[in-house]
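A quick write-up on the structure given underneath.
In the working numbering, the protein residues as written are 89 to 473.
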């Protein structure tokens, strides 16, 4: 059995001719808007800039896009700059409306464009706004710098015009966050092209699945394979399907922690070949397709020595797939590839379960789909239906 592993990012990936520009999370921008509105309410003067603290203690300054005063209330807007990250909320107008209330302290709520939590598993109150714990603390600290919250009370409503439209490009609906985006951030800073954010979203999706009482996790390598998997398993609720990308190891680790009993992995030849080799982090910068393994499978499944040699020297997994198809070996070889992947996934899950008291292993089913992601080519294991 191949020992599963998750390779580190190569050193060469750390070398760039020009550094990518960092940006600010929705949580940081919301805290800046809240401080601007609170300052305007407390002083009667609309600020042009505000300074807020990040969780690290570092302080950063934001321009206030607009600020309006009314009777007992103020509203301020800060425009989100996501830096060089392809963030769907880049340019969003984080808006804070602050008004006085009778009791000391702060009451925080979400307005238009901020999602409402409808499912457990997110660490947020069901029925409440999708404003995560760290942004909540940042907003309270920022407002507290303008208003003495021990002596006076304010109500803060965070809204995001166009937030509901932006949320359509996220996984919020599947996670049970309806009506808008989430106010997110753990560091306050957006790292460009962050693999950490994708990994976190995968882990969160598994947690939400488990909180719904589901015990079958369907891991798909991308959008096309996810669509194919949903057609293959139409009886499973949407929450069971997770676009795992390159983070199979992280997803399995979280699945073991939550008592998930079955994993179905749906993918194309390239990702499956990496997994069959024991590589649980399948990003192209961290691992390569081992076509020699595909040559070995060719021999094991009755292919000729010549075919096995050509497959072993194939340029890509897709090339090997096409060679199998031409030789009439695709079904048998594809099933063997799936079998080997299932063994790696189950082995990794067993290793993780040994580190979690009371945890058990996971049964794995693996499906090879064609390069449209829509047609099943081969399968190993019994699919949950």
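Quick reminder that beta carbons are idealized off the backbone N, C-alpha and C, glycines included. The structure displayed is predicted, hence computed values, not measured ones.
Continuous beta strand (DSSP E) stretch holding residue i: start and end
i           : result
residue 389 : Neither: residue 389 is in no beta strand (DSSP E) and is coded neither H nor E.
residue 308 : 304 to 308
residue 246 : 241 to 247
residue 354 : 350 to 355
residue 178 : That residue, residue 178, is in no beta strand (DSSP E); it is neither H nor E in DSSP.
residue 142 : Neither: residue 142 is in no beta strand (DSSP E) and is coded neither H nor E.
residue 449 : Unbroken run through residue 449: none, as it is neither H nor E.
Bridge partners - residue i, DSSP secondary structure assignment
i           : result
residue 85  : The question about residue 85 has no answer here: the residues shown for the chain are numbered 89 through 473.
residue 468 : 454
residue 217 : 204
residue 185 : 163, 245
residue 329 : 306
residue 268 : 201
residue 149 : 139
Enclosing alpha helix (DSSP H) for residue i [first to last residue]
i           : result
residue 430 : 418 to 441
residue 300 : From DSSP, residue 300 is part of no alpha helix (DSSP H); its letter is neither H nor E.
residue 222 : 221 to 232
residue 261 : 260 to 263
residue 344 : 336 to 345
residue 198 : No alpha helix (DSSP H) contains residue 198, which is instead part of the beta strand (DSSP E) from 193 to 198.
residue 253 : 251 to 255
residue 411 : 405 to 414
residue 316 : 311 to 320
Cβ pair residue i, residue j closer than 7 Å
i           : j           : result
residue 176 : residue 164 : no
residue 454 : residue 353 : yes
residue 113 : residue 276 : yes
residue 149 : residue 139 : yes
residue 382 : residue 399 : yes
residue 235 : residue 405 : no
residue 269 : residue 251 : yes
residue 351 : residue 361 : no
residue 389 : residue 411 : no
residue 440 : residue 341 : yes
residue 202 : residue 265 : no
residue 195 : residue 225 : no
residue 339 : residue 332 : yes
residue 117 : residue 210 : no
residue 134 : residue 155 : yes
residue 421 : residue 385 : yes
residue 193 : residue 237 : yes
residue 223 : residue 271 : yes
residue 324 : residue 296 : no
residue 363 : residue 429 : yes
residue 184 : residue 168 : no
residue 379 : residue 397 : no
residue 299 : residue 445 : no
Residues near residue i by beta carbon distance below 6 Å, same chain, minus five either side
i           : result
residue 199 : 245, 247
residue 160 : 187, 188
residue 409 : 357
residue 474 : The displayed coordinates of the chain run from 89 to 473. Any statement about residue 474 would go beyond what the structure contains.
residue 349 : 303
residue 230 : 119, 122, 123, 140
residue 105 : The pLDDT assigned to residue 105 is 43, lower than 50, so where the model puts this residue is not dependable, and the model offers no usable value.
residue 218 : 203, 205, 265, 270
residue 286 : 333
residue 216 : 205
Residue i beta carbon near the ligand GTP (any heavy atom closer than 6 Å)
i           : result
residue 245 : Although the ligand GTP was asked about, the structure shown includes no ligands whatsoever.
Beta-carbon proximity list for residue i, same chain, < 8 Å, skipping 5 on both sides
i           : result
residue 393 : 387
residue 467 : 423, 426, 453, 454, 455, 456
residue 289 : 259
residue 470 : 453
residue 447 : 344, 345, 347, 440, 441
residue 395 : 386, 411, 415, 417
residue 37  : In the structure displayed, the chain extends from 89 to 473; residue 37 sits before or after that span and is not available.
Close-in-space but distant-in-sequence residues of the same chain around residue i (CB under 7 Å, 5 per side omitted)
i           : result
residue 99  : Confidence in residue 99 is poor, its pLDDT being 39 and thus under 50, which makes the residue's placement too unreliable to answer from.
residue 438 : 449
residue 329 : 306, 308, 314, 317, 318
residue 103 : A caution first: residue 103 carries a pLDDT of 39, below 50, which makes its placement in the model too unreliable to give a value.
residue 459 : 356, 406
residue 311 : 331
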